[in-house]
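Okay, so here's the structure we're looking at.
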Amino acid sequence: MKYALISDIHANAEALDRVLMRVDTLHVDVLLFLGDGVGYGPSPNRCLDLIRNRCTSGVAGNHDHAVIGRTNTANFNLYAQKAVYLTSSILESESYRYLSELEYEWSDGEVRGVHAAPCDPPAWTYVFSVTEAARQFSCFEETLCFIGHSHIPAAFSIDRSGHVEQLDAVVLEIRPERRYLINVGSVGQPRDGDSRAAFGIYDGDSGRYELMRIEYDISETQKKMTRLGLPDYLINRLRLGR
Ligand code: ZN
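Just so it is clear: in the sequence shown, position 221 is 223 by the working numbering, and no numbers are missing.
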């Protein structure tokens, strides 16, 4: 089985279009949406249309739940709150319905997908450290768990003795005696200093994982953000990849 993993699209249709064009050339069996289709960007309905029509399945992110009033935005920063408010004001009923039907986790027995972290997904935990990753490995049994949420690619693995280590997040050889927790980065608002859209490809047959990067028309997304009245801070950070 070959999987494409997309996360944190954040209503960036230009980035999502380019990523889907690339995915089309890769002949995957599963295209999994890892959450946060909306928030921050200007095109929530167009992005959710594409996600709903193109993805095999998907899970809910914190912004997805925030715009439908299902998660508390008290711990969102002011820019994120403003984006949630603007997104809610233009959200169409089909989009609302799609977001309200998303589950917290997806699994096919070999691969798990969850937005933030496998232990208690609605807690929206960030996995930055080996210590946190070690705790998260106790909450799933699949060989691989793919996540998003931080917008920063990362990879951790655990061996049979329970030793956890952090690995290079770009290209990985998946070894059968280990399990993996992999952050696939963000399609629509990367924060690792690289402004290109990020997504993951896992080929179960060859045992290879790769983080893909794709350029897209950032100016076009920024123009739409300005028109919608989104904060300059959110507009400028796309070019910086921060
Ligand atoms: Zn996000």
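Even glycine gets a Cβ: it sits at the ideal position worked out from N, Cα and C.
In this text the structure is predicted, and so the values were computed from the model without any measurement.
When burial is assigned at 16 or more other CB atoms within 10 Å of the CB, is residue i buried or exposed?
i	result
residue 228	exposed
residue 165	exposed
residue 125	exposed
residue 242	exposed
residue 76	exposed
residue 16	buried
residue 14	buried
residue 132	exposed
residue 29	exposed
residue 209	exposed
residue 148	buried
residue 18	buried
Run the proximity test for residue i: is its beta-carbon closer than 8 Å to any non-hydrogen atom belonging to ligand 1?
i	result
residue 83	no
residue 64	yes
residue 38	yes
residue 67	no
residue 102	no
residue 188	yes
residue 206	no
residue 150	yes
residue 168	no
residue 10	yes
residue 115	no
residue 202	no
residue 41	yes
residue 165	no
residue 29	no
residue 191	yes
Can you name the residues that DSSP bridges to residue i?
i	result
residue 147	114, 183
residue 35	8, 60
residue 108	115
Tell me the DSSP secondary structure of residue i in three-state form.
i	result
residue 135	helix
residue 156	strand
residue 17	helix
residue 45	coil
residue 98	helix
residue 129	coil
residue 70	coil
residue 85	helix
residue 239	helix
residue 122	coil
residue 23	helix
residue 55	helix
residue 29	coil
residue 90	helix
Considering only residues of the stretch 159-236, which uninterrupted beta strand (DSSP E) runs meet the minimum length of 3 residues and lie entirely inside it, listed in chain order? 166-169, 173-175, 181-185, 199-205, 210-216
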